[in-house]
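Peer 1: My questions all concern the structure below.
In this note's numbering, the protein residues as written are 706 to 1033.
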């Protein structure tokens, strides 16, 4: 389980005790890394993770992400990034091991003419205030920094121009999608692969056989799995873990039973013939949206007490904090 990271986006829809059970099961199974974000449940999930850590101690390494600011211009404000980091530290109860600039494939981080959601890469040689703020924080605190997002090509360009040595890319390397190969082939770049089930899309291969650009590959994958007598959930994680160039895999879980299934999947070794066949199926294609409905990171946070109930938008005039040596 040392290459697996527990994704917590689904925790925004769980009460604290249910999230604690998932975290307990993951740690007991040998999991050592947790991924969260300041915007999951508008700060609620970071507070849940921090509350759990105060109960059990620093048994896992925590990575968090910054982004989805209250105002679009905050993406380009040095002070906004620093204050967002300070709020994350307060919710987590200590310094995370790593902080990522999320949606680093969005142009709004460096281009005032762009809005959140518009894709783009930084111009070579032009300063990026948010990234400069992260670099300062790294020098002051010792946290690791990097970038994350969904567009593998733009993340590769951004990582080269910032420069960044760590990338978390979601929905771009799995049984069907292979756009992250450009990242995996970049020398010196540490890549984590997120969403090996493409946020549930891979569980409906029949629907994907009707998507332009994916239809033929989805049909081949569906046939291959049927002939091999295996399910997507049997092979998705072992397939991604077999990619030796990736540092790790991040999987979002929401129940103890899902932790048990992940533990079994991590231990599974694919037949060499099946692995070779699976490697021939993938295509390069933009990521698809997740399931319909309210995204987990926008879900109304549970509010059950001060220890796990963050303020949605803390006062931006708060005093700068003094960094603690505590590290989680």
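Idealized CB from N, CA, C, for every residue including glycine.
Apart from the five residues on each side of it in sequence, which residues of its chain come closer than 7 angstroms, Cβ to Cβ, to residue 895?
Peer 2: The residues are 870, 871 and 952.
Peer 1: Considering Cα atoms alone, identify which of 969, 936 and 919 is closest to residue 990.
Peer 2: With distances taken between Cα atoms, residue 990 lies closest to 919.
Peer 1: Just how far apart, CA to CA, sit residue 861 and residue 730?
Peer 2: C-alpha separation (whole angstroms): 34 angstroms.
Peer 1: Suppose contacts are defined by Cβ-Cβ distances below 7 angstroms. Is residue 855 in contact with residue 875 by that definition?
Peer 2: Yes, the Cβ-Cβ distance between residue 855 and residue 875 is below 7 angstroms.
Peer 1: Tell me which residue opens and which closes the alpha helix (DSSP H) that residue 961 is part of.
Peer 2: 961-972 is the span of the alpha helix (DSSP H), which, as asked, contains residue 961.
Peer 1: Alpha carbons only, please: which of 906, 898, 958 and 792 is nearest the one belonging to residue 751?
Peer 2: When only C-alpha atoms are compared, the closest one is 792.
Peer 1: Quick check on the DSSP output: the beta strand (DSSP E) that includes residue 740 runs from which residue to which?
Peer 2: Residue 740 -> beta strand (DSSP E) spans 738-740.
Peer 1: Given residue 966, which residues of its chain have a CB within under 8 angstroms of its CB, disregarding the five upstream and five downstream residues?
Peer 2: 938.
Peer 1: May I ask which residues mark the beginning and end of the alpha helix (DSSP H) holding residue 756?
Peer 2: Where residue 756 is concerned, the enclosing alpha helix (DSSP H) stretches over 749-761.
Peer 1: Our contact map puts residue 767 next to residue 790 with C-beta atoms below 8 angstroms; I'd like the distance itself, whole angstroms only.
Peer 2: Between residue 790 and residue 767 the Cβ distance is about 13 angstroms, and since that is not below 8 angstroms, they are no contact.
Peer 1: What span of residues does the beta strand (DSSP E) with residue 897 cover, start to end?
Peer 2: Counting along the chain, the beta strand (DSSP E) containing residue 897 begins and ends at 895-899.
Peer 1: Out of curiosity, what's the CA-to-CA distance linking residue 784 and residue 822?
Peer 2: So the two alpha carbons sit approximately 22 angstroms from each other.
Peer 1: For residue 817, count the other beta carbons within 10 Å of its own beta carbon; 16 or more makes it buried, fewer makes it exposed. Which is it?
Peer 2: Residue 817 comes out exposed.
Peer 1: Among 780, 796, 884 and 844, whose alpha-carbon lies nearest the alpha-carbon of residue 835?
Peer 2: That would be 780, whose Cα lies nearest to the Cα of residue 835.
Peer 1: First and last residue of the alpha helix (DSSP H) that includes residue 722?
Peer 2: Residues 721-733.
Peer 1: For the candidate residues 833, 955, 787 and 742, whose alpha-carbon lies nearest to that of residue 811?
Peer 2: Nearest option by C-alpha distance: 833.
Peer 1: For a minimum of 3 consecutive residues, which ranges assigned as the beta strand (DSSP E) are wholly contained in the segment 845-880?
Peer 2: Counting only runs of 3 or more, we get 849-854 and 871-875.
Peer 1: Just the Cα atoms here: how many angstroms apart are residue 807 and residue 770?
Peer 2: One C-alpha to the other measures close to 6 angstroms.
Peer 1: Return the residue from the list 957, 926 and 993 that minimises the CA-CA distance to residue 980.
Peer 2: When each option's Cα is compared against that of residue 980, the closest is 926.
Peer 1: CA-CA distance, residue 1007 and residue 749?
Peer 2: Confidence at residue 1007 is low in this model, with a pLDDT of 44, below 50, so its placement is unreliable and the value that follows should be read with caution. Residue 1007 and residue 749: Cα-Cα distance of roughly 7 angstroms.
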